[in-house]
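A short worksheet on the structure shown next.
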Amino acid sequence: MRVLNIETKGYLGKKIKVAGWVNSRRDHGKIVFLDLRDKSGVLQVVAHSKIAEGIKEEDVLEVEGEVKERPKEMINPKLETGNVELKAEKIKILVKSQKLPFDIKSLKLSLPKLLDFRPLTLRNEKQRAIFRVQREIIDSFRKTMKNLGFFEFEAPTIVASATEGGAEVFHVDYFDKDAYLAQSPQLYKQILVSVFERVFTVCKAFRAEPSITTRHLTEYISLDCEMGFIESWEDLMETCEIVVKNIFSDVERNCKKELEMWGAKIPEIKGKIPRLKLREAQEIILKRTGKDKRENPDLDPEDEREICNYAKE
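Here it is as structure tokens:
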């Protein structure tokens, strides 16, 4: 049975089988060092040059051998498997890689090329980090909602009519009938909250309109919740604060490596998150910029940036 790279630390002195992609190859005379990558991480494989003949980067291998403890001077603290290595006895090439159109490790590509070659560019560690952080955010949201007594449901993506006002819809030909891509799960939340009281969903939402800011997309993942029997809007804000704090905490704890790759830092939250009423925020904007927006029903992106700068100060 195959063992994941991250699990090899528990097989010291035992013979196992691993599989993955060749991340790099280093030749030292008759000894070859292969960094083998799988979904859990990278493992160093030590092999004789005879059984490693013809192996190159991104080849897919199946390797059998004995897990050994690395010599102290060879320990790599940057790897979770850095204190062990696999002494290869048998190597099977499952798939030979073709010549790559770019260097996967550096990956200095334009956005179109980055997306056109996605099956390959996702092999880059920094690109994979994006998805690991995204997964952690969604997992944390789900866990928090369930701990707060919310019921999860799956909202439909194809709907018979617009489900939320103020946003344009994508039209779909549904077997000669009109249908649309859902703008939000709002309607379904409101239906279910009258039954389950507290509900949430993680779903795709679509808006058929040009992006207003870099934070607005025609397609996005929506983390939505709805709750009944509240005393005031403060109950909603309390719930939102718990969710945000938990997500920040989980991402910071479980995605340290990924955050470092992107030079990202989780905001530090001490105590309760400060709250401003809309009119209070507009008064601050007036004092800081001289722009009177006190009659506006909401903050525009420029206003939000100004309030963020105010909060940082």
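Residue numbers (my numbering): 279 to 591.
Quick reminder that beta carbons are idealized off the backbone N, C-alpha and C, glycines included.
E536 is classed as buried because its beta carbon has at least 16 other beta carbons within 10 Å across all chains shown. A Cβ-Cβ separation of about 6 Å places A366 in contact with I329 under the 8 Å criterion. The bridge partners DSSP lists for Q322 are D313. In terms of Cα proximity to I520, the closest of Y466, N425 and L398 is N425. Rounded to whole angstroms, S500 and K482 show a C-alpha spacing of 6 Å. Contact annotation: F428 and Q461 have beta-carbon atoms that are not nearer than 8 Å. If you look at L537, you'll find it in the alpha helix (DSSP H) that goes K534 to W540.
Restricted to the stretch 490-519, the beta strand (DSSP E) segments that are unbroken, complete and at least 3 residues in length are 497-505, listed in chain order.
Per DSSP, reduced to three states, the secondary structure at A297 is strand.
Excluding the 5 residues flanking it on each side, E475 has same chain C-beta neighbours closer than 6 Å at G506, in chain order.
Runs of the alpha helix (DSSP H) lying entirely within the stretch 325-356, each at least 4 residues long, are absent. Separation of the CB atoms of E336 and V300 is rounded to 6 Å, and the pair is thereby assigned contact status at 8 Å. Scanning N574, P545 and S527 for the CA closest to the CA of I415 turns up S527. In this chain, the beta strand (DSSP E) harbouring F478 covers R476 to F484. When DSSP states are grouped into helix, strand and coil, S375 belongs to the coil group. Sequence-distant Cβ neighbours of Y498 in its own chain, meaning closer than 7 Å and more than five residues away, are A483. Taking C-beta atoms as the reference points, L357 and G319 count as a pair closer than 8 Å. For the beta strand (DSSP E) assignment, the uninterrupted runs of no fewer than 3 residues enclosed by the stretch 407-453 are, from N- to C-terminal side, 449-452. A Cβ-Cβ separation of about 6 Å places L339 in contact with L372 under the 8 Å criterion.
The beta carbon of V529 sits closer than 8 Å to the beta carbons of V411, E414, I415, S418, L537 and I544 from its chain, once the five residues preceding and following it are set aside; these are given in chain order. Going by beta carbons, P463 and D502 fall inside the 8 Å limit. A Cβ-Cβ distance of about 5 Å is found for the pair K293 and E344, placing them in contact under the 8 Å criterion. Nearest C-alpha to D576 among E558, R406, K590 and G568: E558.
Just so you know, the alpha carbons of M423 and V471 end up roughly 14 Å apart.
Rounded to the nearest whole angstrom, the CA to CA distance from K565 to C518 is 29 Å. Assigned with DSSP and collapsed to three states, A457 falls in strand. When beta bridges are read from the DSSP output, I369 appears opposite V341. Per the coordinates, the alpha-carbon of R553 lies some 15 Å from the alpha-carbon of N587. When C-beta atoms of the stretch 397-404 are compared with those of the stretch 378-385, three or more pairs fall below 8 Å, so the two segments count as touching.
One Cα belongs to P349, the other to G360, and the distance between them is close to 10 Å. Here E584 really is in contact with I563; their C-beta atoms are around 5 Å apart, less than 8 Å. Distances from the alpha-carbon of I547 to those of A589, S510, L556 and E509 put A589 closest. In this structure, DSSP gives E363 an extended state, which the three-state scheme calls strand.
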